[in-house]
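Asker: Residue numbers (the working numbering), protein chains in the order written: chain L, 1 to 87; chain X, 88 to 317. Cβ coordinates follow ideal geometry from the N, Cα and C atoms, glycine included. Before I ask anything, here is the structure I am working with.
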């Protein structure tokens with residue numbers, strides 16, 4: 001099996017009020033060195049696949065088709081083999 | 088004019104749309120379950136507000152792949168009228184029937200209140216009954232209604248009169264303080280190039296009776312009916 005970890009982030013030019021709220025919360029706890037906080041999503045996929053290249057291609061089409069919205073988001077996929085029946 | 092109202096799992100304004108179209112305005116209307124594969128016999132399809140598929144992933148992202156959406160895309164292709172309200176607007180954006188995307192509201196809050204919108208283009212089939220720059224009082228209720236599009240896309244919309252509604256003050260003034268969610272250029276509703284698909288965040292179906300606080304939503308439904316000849 002292969003684990004594909006999909007990281008979805010807002011594009012740089014898109015403002016992120018949730019991230020700004022997190023930054024303010026950190027400041028209220030006296031963590032003052034935070035210049036910026038950006039929210040994103042992580043989606044972990046366990047693929048019934050052994051071929052790393054094929055898995056990477058599949059995960060990429062999943063991102064392009066539905067997982068990410070290219071108007072506002074960027075994505076990045078990490079691929080690794082995993083042992084046995086991951087749950 | 089016969090309205091077809093798509094019902095997704097998690098839609099919650101479908102009944103309001105039905106009530107407005109049929110109960111108040113007296114047009115034939117029917118519900119169309121999202122699992123259907125046809126929208127035949129309808130003149131105007133409404134994608135109602137709500138939280139289709141729990142807004143999982145992104146609002147509208149999963150609904151746009153519902154079985155019925157194939158038929159809705161074909162219907163749009165043939166020039167059929169489609170009105171997306173709130174979550175319905177988000178679905179139209181995700182489906183690529185309208186350009187741009189929705190982001191979380193700028194203040195991160197769910198905003199539920201009456202707002203004013205200015206009709207920027209009353210030459211569409213959805214707004215033909217409105218006056219020039221007419222201000223409508225309609226409610227909004229959303230947390231992800233901050234419309235976003237890149238600069239060139241924005242210029243294309245603006246220059247071709249496809250920004251149909253913008254958030255404004257009671258007398259039609261447009262500024263940052265009239266913007267309830269941080270939408271680019273106060274955009275509240277846009278239309279496609281062909282003029283048959285309109286998406287708007289405010290709810291015209293919730294403002295068709297005096298008892299609800301406004302009847303201005305009638306202008307949209309009545310414009311549609313008139314454009315079809317009754």
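1) Can you tell me the Cβ-Cβ gap for residue 240/X and residue 186/X, rounded? I've got them flagged as a contact below 8 Å.
2) Within the 8 Å Cβ cut-off, does residue 219/X reach chain L?
3) If you draw a straight line from the alpha carbon of residue 66/L to that of residue 42/L, how long is it in whole angstroms?
4) Under the three-state reduction of DSSP, which class applies to residue 145/X: helix, strand or coil?
5) Where does the unbroken alpha helix (DSSP H) through residue 28/L begin, and where does it stop?
6) So, using beta-carbon positions, are residue 202/X and residue 254/X closer together than 8 Å?
7) Need the endpoints of the beta strand (DSSP E) that residue 201/X sits in, please.
8) Jot down the residue ranges of each uninterrupted beta strand (DSSP E) in the region 201-277 of chain X, minimum 3 residues, whole runs only, in chain order.
9) Taking 8 Å as the threshold, find out whether the region 286-295 of chain X comes into contact with the region 99-106 of chain X through three or more Cβ pairs.
10) For chain L, is any of its Cβ atoms less than 8 Å away from the one on residue 223/X?
11) Which of the residues in the region 138-162 of chain X, read from start to end, lie with their CB under 9 Å from any CB of chain L?
12) Please report whether the beta-carbon of residue 254/X lies at a distance below 8 Å from any beta-carbon of chain L.
13) Does any CB atom of chain X fall closer than 8 Å to the CB of residue 90/L?
14) Please report the residue range of the beta strand (DSSP E) in which residue 47/X lies.
15) Taking all protein chains shown into account, do 16 or more other C-beta atoms lie within 10 angstroms of the C-beta of residue 310/X, making it buried, or fewer, making it exposed?
16) Identify the continuous alpha helix (DSSP H) that holds residue 314/X and give its terminal residues.
17) Please list the partners that residue 235/X has in chain L, where partner means a Cβ-to-Cβ separation under 8 Å.
18) Spatial neighbours of residue 75/L within its chain, please: CB distance less than 8 Å, with the 5 preceding and 5 following residues excluded, ordered by chain position.
19) Report the residue from 149/X, 211/X, 99/X, 250/X whose alpha carbon sits nearest the alpha carbon of residue 137/X.
20) Where do the ends of the alpha helix (DSSP H) carrying residue 61/L lie?
21) What number of angstroms, rounded off, separates the C-alpha of residue 296/X from the C-alpha of residue 48/L?
22) Confirm, please, whether the CB-CB distance from residue 304/X to residue 198/X is below 8 Å.
23) Can you give the Cα-Cα distance for residue 271/X and residue 161/X, rounded to whole angstroms?
24) Taking the continuous beta strand (DSSP E) assigned at residue 75/L, which residues delimit it?
25) I want to verify the contact list: residues of chain X whose CB lies under 8 Å from the CB of residue 79/L, in sequence order.
26) Suppose contacts are defined by Cβ-Cβ distances below 8 Å. Is residue 121/X in contact with residue 94/X by that definition?
27) 8 Å is my cut-off, CB to CB: does residue 66/L come that close to chain X?
28) In whole angstroms, what is the alpha-carbon distance linking residue 218/X and residue 150/X?
29) Can you tell me where the alpha helix (DSSP H) holding residue 180/X begins and where it ends?
30) Tell me the rounded alpha-carbon separation between residue 59/L and residue 307/X.
31) Is it the case that the Cβ atoms of residue 176/X and residue 206/X are separated by a distance below 8 Å?
Answerer: Per the coordinate set shown:
1) The beta-carbon separation of residue 240/X and residue 186/X, rounded to 5 Å, stays under the 8 Å limit for a contact.
2) For residue 219/X, the answer is no, since every Cβ of chain L falls outside 8 Å of its Cβ.
3) Approximately 14 Å between the Cα atoms of the pair.
4) Coil, per DSSP.
5) Counting along the chain, the alpha helix (DSSP H) containing residue 28/L begins and ends at 17-28.
6) The Cβ-Cβ distance between residue 202/X and residue 254/X falls below 8 Å.
7) Taken as a continuous stretch (DSSP letters only), the beta strand (DSSP E) holding residue 201/X covers 198-206.
8) List check, beta strand (DSSP E) in window: 222-229, 233-235, 250-255.
9) Yes, the region 286-295 of chain X is in contact with the region 99-106 of chain X.
10) Closer than 8 Å: no.
11) Of all residues in the region 138-162 of chain X, the ones placed with a Cβ closer than 9 Å to any Cβ belonging to chain L are 144, 145, 148, 149, 151, 152, in chain order.
12) No, residue 254/X does not count as interfacial toward chain L.
13) With chain L running from 1 to 87 in the structure shown, residue 90/L is simply not present.
14) The question about residue 47/X has no answer, for chain X in this structure spans 88 to 317.
15) So residue 310/X ends up on the buried side.
16) Residue 314/X -> alpha helix (DSSP H) spans 305-314.
17) Correct list: 14, 71, 72.
18) Contacts found: 6, 7, 8, 9, 63, 67, 68.
19) Scanning 149/X, 211/X, 99/X, 250/X for the CA closest to the CA of residue 137/X turns up 99/X.
20) 52-62 is the span of the alpha helix (DSSP H), which, as asked, contains residue 61/L.
21) Spanning the two alpha carbons is a distance of roughly 55 Å.
22) With a cutoff of 8 Å on beta-carbon distance, residue 198/X and residue 304/X are scored as not near each other.
23) Rounded to whole angstroms, residue 271/X to residue 161/X spans 30 Å at the Cα level.
24) That run of the beta strand (DSSP E) goes 73-81.
25) Within chain X, no residue comes near residue 79/L; the closest Cβ sits about 21 Å away, beyond 8 Å.
26) Yes, the Cβ-Cβ distance between residue 121/X and residue 94/X is below 8 Å.
27) It does; some Cβ of chain X falls within 8 Å.
28) Those two C-alpha atoms are separated by around 34 Å.
29) For residue 180/X, the enclosing alpha helix (DSSP H) stretches over residues 174-181.
30) Annotation: residue 59/L to residue 307/X spans about 42 Å, alpha carbon to alpha carbon.
31) No, the Cβ-Cβ distance between residue 176/X and residue 206/X is not below 8 Å.
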